[in-house]
Structure formats: C-alpha cells, structure tokens
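Right under this line is the structure:
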C-alpha cells in the first residue's frame, strides 16, 4: 500500500458531503477515490464537486474495486451491519458511522466477525473523541483540577419533524436516542474510562413516527458517579455537557458539533478562578487521519469494537428500562 489511503464512500448522505468527504480530502494521508449511489444524477454532481475520480451506481461494484483501501459507511442505521460485513468480506477497512448497529447483538456480531480478518481495521465513527477540547477535558480530570468527578450532565437537541427524514423512520433505526443520545451515553464513558453498572430511562414517542423524540436517562457508575442526559429531536437546537467535581466544574459549550473552521470553548471553574480554553480543529479530519494511520502502520484502531459494543449495551439497557419503568443492570 502507498503512504495514502484511497477511500470509497457509500451513498450521498449529508454527513459525508458536509463533513467526512471534505475531511478526508484535507487529510495528510488519504483521498476519496470513489463514491457509490444509485442516484446517478446526484452522485455524478457530487463527484464533480469534490473531484472524486470514480463513480459507481451500486455498492457492490465499489467493494470490488481493488484500488480502494477503506470504506466510509454513513448509511442509515439499519444498514450499518449489512454493508459493513459486505465490505469486510471484500477485504476493505471500514469506518462506520455511529451507532455501529441497531443493538448490542449486531455490534457483537460485527465484533466477532472482524476477528476473522486480523489485517482489516474497523472503527465506529465517534468523531468528538479526536477533538483536542475533549482531550483537554480528560487531562484536566486526570490532573485533579476539579477533584473527584461526581456528576456529568448532557443536553442535546434539534428540531426535525420531517416524516421523510431517515431520523424519523422507525424501520431505519431512527429516533433521538440512536441519533444523538448515543453521544450523551458515550461522553461519560469516555471521560471516566468506565462502564455504568445500571441505568434508568424515560422515553416519549412521536405518535405518528413511532420513534422516540425525547429520551432522558440516568447512568450509575460504580464509584458513585451519576451521568444524566436529555436528548430530543423536537426542541430548539442546543447542546452542552457539564462535568461536576468536588473541587471544580468543566463546561463544554459545543461537545458534539464543534465547528470545523471556527473556535469552540471549554470553561474550567475551581478555587483558582475561571479559565477559558479555546480550540480550533477539524475533528472529522483528525478522526480520518487517525484511522488511516492505523491502516498504513498496521496498528490497532484508536477505539475498538468492544467500545462500540458496550455503548450499544447501554442503549439496549435504557430501552429496556423505559419499557419496564425499572432500574436495569447493564451487565458490561
């Protein structure tokens, strides 16, 4: 393989067009070499816009292209497992959008299957983990600047009442919990490097879409740390994450959608006073470069499928809790 990864992109999903394709082409170790979609007119237009040399009208032909090293899979949630498995069988590395599947069972299936392909890399696309603001948050906690973490609270919302949107389609794995709640679950697990031992959830469903439009959850960790969150797809856009310690507090102003060309800020408050830290980074570019480095150097990916599977186990437990209205052990 050359010193640059040749990427193939599945579909013309907005996240690919707005974030990941530009990020790959900005990266120092990769380029988008092909894109596939059955929408011939749209995919040809996109290929011209981003100078993508190869266009395929179905995913299988893209998988058969020997010049393509890695696949970016931003398909609807219900297609993540199917097309990630197909790509693996054709010898492709895969960066798959979050969530890795529809449930922990699908994540476990992928996790087991990828072990039969030790030379291939597979990673779930939680881009926020690569942003320097989150690395700074972890370093602040490690240094003890807020003391012992006691509570983490996240709010994440936007408004989308379009019945044709994939996020509002039950059969495609839509809903607030799968789309943005997965971040609210991932944040405390990432910060603490631990798994919750039990969860409790309350979920409200749209009467037309039948997907959850408002989910709130409580995650209990074994050292008496509690993480809480509310996520909704039917409220004004907002996001924030707070980390409370016994000696200080961190506020992450834009925890997920940090601008690719603009500043974002975290605020540290403790007895030493208030300190604001400004960051400017393209988290998608950093994610794609890290994944490509793992391919080129034949190293482990930064975040394994165990992490993806455990996040799905928490989602499953929250769904079970909401249905039974009881506290559910996560058994991770």
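Residue numbers (UniProt numbering): 1 to 332.
Positions of the beta carbon are idealized from the N, C-alpha and C atoms, including for glycine.
message: Could you tell me the alpha carbon to alpha carbon distance between residue 253 and residue 267, rounded to whole angstroms?
response: In the chain shown, the residue the question calls residue 253 occupies position 253. In the chain shown, the residue the question calls residue 267 occupies position 267. Cα-Cα distance, rounded: 8 Å.
task: Closer than 6 Å by C-beta to residue 46: which residues in its own chain qualify, once you throw out the five before and the five after it? Chain order, please.
output: Your numbering for residue 46 matches position 46 in the chain shown. Excluding residues within five positions, the ones whose Cβ falls inside 6 Å are 12.
message: Taking 8 Å as the threshold (C-beta atoms), are residue 293 and residue 29 in contact?
response: If you number the chain shown from 1, residue 29 lands on position 29. If you number the chain shown from 1, residue 293 lands on position 293. Cβ atoms of residue 29 and residue 293: closer than 8 Å.
message: Is the separation between the beta-carbon of residue 184 and that of residue 311 shorter than 8 Å?
response: On the chain shown, residue 184 is found 184 positions in, with the first residue counted as 1. On the chain shown, residue 311 is found 311 positions in, with the first residue counted as 1. Contact flag unset, no.
- prompt: If you pair each beta-carbon of the region 205–217 with each one of the region 110–117, do three or more pairs fall below 8 Å?
  reply: no
- request: Report yes or no: do the region 231–238 and the region 152–172 share at least 3 C-beta pairs separated by less than 8 Å?
  value: yes
At least three beta-carbon pairs within less than 8 Å, the region 123–133 to the region 285–292: By the Cβ rule, the region 123–133 counts as touching the region 285–292, because three or more pairs are nearer than 8 Å.
message: If I follow the unbroken alpha helix (DSSP H) through residue 224, where does it start and stop?
response: If you number the chain shown from 1, residue 224 lands on position 224. Unbroken run through residue 224: none, as it is neither H nor E.
message: What does the alpha-carbon distance come out to for the pair residue 304 and residue 291?
response: Working through the chain shown from its first residue, we reach residue 304 at position 304. Working through the chain shown from its first residue, we reach residue 291 at position 291. Their Cα atoms are separated by approximately 11 Å.
- request: Sort out for me which residues DSSP pairs residue 248 with in a bridge.
  value: Residue mapping note: residue 248 aligns to position 248 of the chain shown, counting from 1. According to DSSP, which records beta bridges pairwise, residue 248 is partnered with 270.
- prompt: For the beta strand (DSSP E) that residue 154 lies in, which residues bound it at each end?
  reply: Indexing the chain shown from 1 puts residue 154 at position 154. Element bounds for residue 154: 149–159.
task: Could I get the ranges of all uninterrupted alpha helix (DSSP H) runs contained in the region 78–143, with 4 residues as the minimum, in chain order?
output: Taking 4 residues as the minimum length, the alpha helix (DSSP H) runs contained wholly in the region 78–143 are 80–89, 104–114 and 132–143, in order along the chain.
Cβ-based burial, residue 278 [other Cβ within 10 Å; buried from 16]: Within the chain shown, the letter at position 278 stands for residue 278. Under this definition residue 278 is an exposed residue.
query: Excluding sequence positions up to five away, which residues of its chain have a Cβ less than 7 Å from the Cβ of residue 316?
result: As a position in the chain shown, residue 316 is number 316, starting the count at 1. Excluding sequence neighbours, residue 316 sits near 103 and 104.
- prompt: Closest by CA to residue 38, which one among 50, 56 and 31?
  reply: Within the chain shown, the letter at position 38 stands for residue 38. When only C-alpha atoms are compared, the closest one is 56.
field: Nonlocal neighbours in the same chain, by C-beta distance under 7 Å from residue 81, ignoring five residues either side
entry: Start at 1 with the first residue of the chain shown, and residue 81 comes out as number 81. Same-chain partners within the cutoff: 101, 106, 109 and 110.
field: Coarse secondary structure for residue 296, derived from DSSP in three states
entry: In the chain shown, residue 296 corresponds to position 296, counting from 1. In the structure shown, residue 296 sits in a helix (DSSP, three-state: H, G or I).
query: In this structure, does DSSP put residue 261 in helix, strand or coil?
result: As a working note, residue 261 is residue 261 in the chain shown. Reduced to three states, the DSSP call for residue 261 is coil.
query: Anyone know if the C-beta pair for residue 150 and residue 246 falls short of 8 Å?
result: Taking the first residue of the chain shown as 1, we reach residue 150 at position 150. Taking the first residue of the chain shown as 1, we reach residue 246 at position 246. Yes, these two residues count as a Cβ contact at 8 Å.
- prompt: Taking the Cβ atom as the reference point for each residue, do residue 126 and residue 239 lie within a distance shorter than 8 Å?
  reply: What you label residue 126 is simply residue 126 of the chain shown in a count that begins at 1. What you label residue 239 is simply residue 239 of the chain shown in a count that begins at 1. Not in contact: residue 126 and residue 239 (Cβ atoms no closer than 8 Å).
message: If you measure between the beta carbons of residue 314 and residue 243, is that distance less than 8 Å?
response: Sequence index remark: in the chain shown, residue 314 carries index 314 (1-based). Sequence index remark: in the chain shown, residue 243 carries index 243 (1-based). Contact: no.
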